[in-house]
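A.B. asks: Mapping the sequence shown onto numbering that gives the first Met the number 0, position 18 (from 1) lands on 17, and the numbers just tick up by one. Would you mind keeping the following structure in view while I ask a few things?
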Amino acid sequence: MNIPTVLTNTRPISNQIYSLWDNEPPRPDVAPYSLPECYRVLNVAPLESKMPNFNEEALLFMFYSNPGDKQQLMAARELGNRNWRYHKKLQVWLTKDELMVPRQLTQQMEQGYYIFFDVKSWSRERREFTLSYDDLERIEDRF
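Right, dumping it as structure tokens:
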């Protein structure tokens, strides 16, 4: 009678076979790999310290892609530091056009050219606009 060598071998056929009558619970198979040293990073600086290094488009991406998250708040603060303001009614970010100084109409309004960030086309648009200061989000209070 020829018994296959697989059945006469004392080694386990597989590490993943588990029987209800085993004394030990199943253990996950450990893959034979080694983690590259470049993945073992210690002392990573917090994101807050890196915010000034991001460009405005990256900050706007962080703001729109992380609603209600701490990253959104940090991006809003940094955009505010760069003279971007959030318009509450239009729900867009805008900044003054540096080439054209707006003229103040009243104590609460000014008119001039502003750069709007359009999230749908992911682009900046220059528009003439009458801005009411009450429509701007106070970044220090909200964000």
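For glycine and all other residues, C-beta sits at the position ideal for the given N, C-alpha and C. Note that this is a predicted model, so its numbers are computed, not measured.
By the 10 Å Cβ neighbour count, where 16 or more other Cβ atoms means buried, how is residue 61 classified, buried or exposed?
C.D. replies: buried
A.B. asks: Do you know whose CA, among 32, 33 and 18, lies nearest residue 26's CA?
C.D. replies: 18
A.B. asks: Would you decide whether residue 32 is buried or exposed? Buried here means 16 or more other CB atoms lie within 10 Å of its CB.
C.D. replies: exposed
A.B. asks: Give me the Cα-Cα distance between residue 44 and residue 37, rounded to the nearest whole angstrom.
C.D. replies: 16 Å
A.B. asks: Rounded C-beta distance between residue 58 and residue 77? I'm assuming under 8 Å.
C.D. replies: 5 Å
A.B. asks: Assuming residue 84 contacts residue 93 under a Cβ cut-off of 8 Å, what Cβ separation, rounded to an integer in Å, is found between them?
C.D. replies: 6 Å
A.B. asks: So which of 70, 69, 101 and 56 has the shortest CA-CA distance to residue 81?
C.D. replies: 56
A.B. asks: What number of angstroms, rounded off, separates the C-alpha of residue 96 from the C-alpha of residue 42?
C.D. replies: Using only the alpha carbons, I get a separation of about 40 Å.
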